[in-house]
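Participant: First residue of the sequence shown? That's -9 in this note's numbering, and the numbers climb one at a time after it.
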Amino acid sequence: MACTQIPDMGWHMPDVWIDTRGTALSGGTGVATYAAGLASTLEQMGITPDFLRLTLGGEVATPARPNALTAISCILRALGPWVKIRRDRDGHPYLPYMFRMGNTHLRCFGKPLCLKTPAPPTIMHWTYPLPIKIMNSVNITTIHDIIPIINSDLTGINPLRMKKVLRSVAENSDHIITVTETVKQQIIENLGINGKLITNLYQCAGITNEEARLLPKAEPVAPADAFVCVGRVEARKNIRRLVIAHGISRTTRPLVIIGPDGDDRPDLSPVHGQQQVIRVPWCARHSLLRAIAEARALLFPSLAEGFGLPIIEAMSLNVPVMTSSGGATEEVSGGAALLVNPLDLEQMGEAIRALDEMDMDTRRALCQSGRERAKFFSVNSQASRMKKFYNNINIKYSLH
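#1: Are there 16 or more other CB atoms within 10 angstroms of the CB of threonine 242, so buried, or fewer, so exposed?
#2: Considering Cα atoms alone, identify which of Arg203, Thr145, Gln34 and Arg269 is closest to aspartate 253.
#3: Cβ of valine 136 within 8 Å of Cβ of isoleucine 166?
#4: Is the region 223 to 242 touching the region 333 to 352 in the sense that three or more CB pairs, one from each, lie closer than 8 Å?
#5: With a 10 Å radius around its C-beta and 16 neighbouring C-beta atoms as the bar for buried, classify methionine 350 as buried or exposed.
#6: According to DSSP, what are the bridge partners of leucine 329?
#7: Kindly indicate which three-state DSSP category proline 83 falls into: helix, strand or coil?
#8: Within a Cβ cutoff of 6 Å, which residues of the same chain sit near valine 211, ignoring the five residues on either side of it in sequence?
#9: Just to confirm my understanding: we take leucine 391, look at its own chain, exclude 5 residues before and 5 after, and list those with CB closer than 7 Å. What are they?
#10: Given leucine 32, which residues of its chain have a CB within under 7 Å of its CB, disregarding the five upstream and five downstream residues?
#11: I need the straight-line Cα distance from lysine 74 to leucine 105, nearest angstrom please.
#12: By a C-beta neighbour count over all protein chains shown, 10 Å radius and 16 as the cutoff for buried, is cysteine 98 buried or exposed?
#13: Strictly by DSSP, which residues pair up with aspartate 40?
#14: Counting Cβ pairs closer than 8 Å, one from the region 320 to 338 and one from the region 351 to 361, do we hit at least three?
#15: Tell me whether glycine 370 is buried or exposed, calling it buried when 16 or more other Cβ atoms sit within 10 Å of its Cβ.
#16: Per DSSP, what kind of secondary structure is threonine 132 in: helix, strand or coil?
#17: If the criterion is Cβ atoms closer than 8 Å, does the pair glycine 229 and proline 244 meet it?
#18: Contact check, leucine 44 vs methionine 88 under 8 Å by CB: the rounded distance?
#19: Alpha carbon to alpha carbon, what distance is there between proline 300 and glutamine 264?
#20: Report yes if the C-beta distance between serine 158 and proline 83 is below 8 Å; otherwise report no.
#21: Return the residue from the list Gly317, Asn384, Leu335 and Gly298 that minimises the CA-CA distance to alanine 364.
#22: Confirm, please, whether the CB-CB distance from threonine 107 to proline 119 is below 8 Å.
#23: Would arginine 226 be called buried (16 or more neighbouring beta carbons within 10 Å of its own) or exposed?
#24: May I ask you to list the residues that DSSP assigns as paired with arginine 361?
#25: Between alanine 202 and valine 169, what straight-line distance do the alpha-carbon atoms span, to the nearest angstrom?
#26: Can you give me the Cβ contacts of lysine 386 inside the same chain, cut-off strictly under 6 Å, excluding the 5 residues immediately before and after it?
#27: Tell me whether histidine 262 sits in a helix, a strand or coil according to DSSP, three-state version.
#28: Buried or exposed for isoleucine 62, going by 16 or more other Cβ atoms inside 10 Å?
#29: First and last residue of the alpha helix (DSSP H) that includes valine 233?
#30: Comparing alpha-carbon positions, which option in Glu336, Thr319 and Leu333 lies nearest threonine 172?
#31: For lysine 174, which residues from the same chain have a beta carbon less than 6 Å from its beta carbon, with the 5 sequence-adjacent residues on both sides left out?
#32: I'd like to know whether the C-beta atoms of valine 261 and isoleucine 302 end up nearer to each other than 8 Å.
#33: Measuring CA to CA, which of Glu224, Arg353 and Arg255 is closest to alanine 294?
#34: Report, in whole angstroms, the separation of the C-beta atoms of leucine 42 and threonine 10, which I expect to be a contact under 8 Å.
#35: Is the beta carbon of glutamine 176 closer than 8 Å to that of phenylalanine 367?
#36: By Cβ distance, which residues of its chain are closer than 7 Å to isoleucine 446, with the 5 residues on each side in sequence left out?
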């Protein structure tokens, strides 16, 4: 095992792999953002992670849908006790259809599929709860939320199957990571997992220096000084209530809703003739960040979140935020946002009106609080938390 000494910690840096489940999905998912942030954090610590890919040749994209023979082969391999990880000619690991095989193994045997390799990583970071584990590695799994279990009416995911997967993954992982204290407590209360096996590390969030540099060149997708809402357009994001509250506020600034369609289609129709609602189904990330940076405020009154990335992105860009009280959104915003009851239309309308009419000094103070809060989620801050976590893992598993 290739190792590098960390002088201030008294132990050796481990070999680390990261799965590419999130990066193989289109649409800039939160899991993809998390995986990229995890890689940046490890690099900040002096660790260059490798990626367990789905395809040969260094690509992270998912392989094509299997034909009949490949599908049968996947099923047969998944029925065995383990599957061997392949290596490309540069030594990078890959295994096509491993998630499909993992799910098949879980359905048949009720436990994750074991993957085997002659030179396993010291630590395998699974960025999503997947029914897979690597033999002879410390398997660490991130659970971002358990919304399908505690708010089953807000998603199209089967809560019983989700609970089965999460329990199996949790029981077979060496440690669980969460992105908020809220999610950690929800896992303990709803899945019965021992809290000593769960660590909340939060995650990297905000914008990079390169993204900030490119902002002025990004194509604009929203009028300046508008109210902006970012995320999948679905019931969980509380879109219809937001549209109504925006109308109640009587602001003349438009509401710009940016994000892909979710499983349902909330009603976006204005509540009165003077209200302007603009829908942007998709845009490049640089354009999205420009829309936030030029906004009057970010409006994020979600009904359920595991973290709430747009909150910290807006704060990093010196933009005020309105978000939901309670749960992960209040925890992440850390007292630097206007908090509202997401079910109270009048309260949301009043908050939007306050942001609409806010004087410069009050706005400046709110933005300053946001910028300070965003520093908590920087790569440097995350690397500090991760070093402490790795030190504890080292003590527990003697990673030398």
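Ideal Cβ placement from N, Cα and C applies to all residues, glycine included.
Facilitator: This is what the structure holds:
#1: Here threonine 242 is exposed: its Cβ has fewer than 16 other Cβ atoms, across all protein chains shown, within 10 Å.
#2: Taking only the C-alpha atoms, the option nearest aspartate 253 is Thr145.
#3: It is worth fixing the name first, because residue 136 is isoleucine in this sequence and not valine. With contacts defined by Cβ atoms closer than 8 Å, isoleucine 136 and isoleucine 166 do not form a contacting pair.
#4: Because the criterion of three Cβ pairs below 8 Å is met, the region 333 to 352 and the region 223 to 242 touch.
#5: Exposed, by the Cβ-count rule.
#6: BP columns for leucine 329 point to Thr313.
#7: Strand at proline 83.
#8: Around valine 211: Val270, Cys273, Ser277 and Ala281.
#9: Lying before the first or after the last residue shown, residue 391 is absent from the chain, which here runs from -9 to 390.
#10: Leaving aside the five residues that flank leucine 32 on each side, the residues in its chain whose CB is nearer than 7 Å to its CB run, in chain order, Val6 and Pro39.
#11: A straight line joining the alpha-carbon of lysine 74 with that of leucine 105 spans about 6 Å.
#12: The Cβ neighbour count for cysteine 98, taken over all protein chains shown within 10 Å, is under 16; the residue is labelled exposed.
#13: Answer is Trp7.
#14: Segment contact: the region 320 to 338 against the region 351 to 361, three or more CB-CB distances shorter than 8 Å; contact assigned.
#15: One detail in the question is off: residue 370 reads as asparagine in this sequence, not glycine. Around the C-beta of asparagine 370, fewer than 16 other C-beta atoms lie within 10 Å, and the residue is accordingly described as exposed.
#16: Threonine 132 sits in a strand when the DSSP states are folded into three classes.
#17: With the sequence shown as reference, residue 229 is identified as isoleucine, and glycine is not the correct amino acid for it. Between isoleucine 229 and proline 244, the C-beta gap is not smaller than 8 Å, which leaves the two residues out of contact.
#18: Distance from leucine 44 to methionine 88 at the Cβ level is roughly 7 Å; contact confirmed, criterion being Cβ atoms closer than 8 Å.
#19: Answer to the nearest angstrom: the Cα atoms are 27 Å apart.
#20: No.
#21: Residue Gly298 is the option with its Cα nearest to alanine 364.
#22: In this structure, proline 119 sits away from threonine 107, with a CB-CB distance that is not shorter than 8 Å.
#23: Residue burial is scored here from C-beta neighbours: arginine 226 has at least 16 other C-beta atoms within 10 angstroms and is therefore classed as buried.
#24: Residue pairing by DSSP places arginine 361 opposite no residue, since no beta bridge is assigned to it.
#25: A direct Cα-Cα distance of roughly 24 Å separates alanine 202 from valine 169.
#26: Taken in chain order, the list of residues that qualify is empty.
#27: Histidine 262: coil per DSSP, three-state reduction.
#28: With a 10 Å radius around the Cβ and a threshold of 16 neighbouring Cβ atoms, isoleucine 62 comes out exposed.
#29: Residue range 229 to 239 is occupied by the alpha helix (DSSP H) that includes valine 233.
#30: Among Glu336, Thr319 and Leu333, the Cα nearest to that of threonine 172 belongs to Thr319.
#31: These residues qualify, in order along the chain: Thr168, Ile188 and Asn190.
#32: Cβ atoms of valine 261 and isoleucine 302: not closer than 8 Å.
#33: Closest option to alanine 294, judged by alpha-carbon separation, among Glu224, Arg353 and Arg255: Glu224.
#34: For a cut-off of 8 Å, the C-beta gap from leucine 42 to threonine 10 is around 7 Å, short enough to register as a contact.
#35: No.
#36: With the chain running from -9 to 390 in the structure shown, residue 446 is simply not present.
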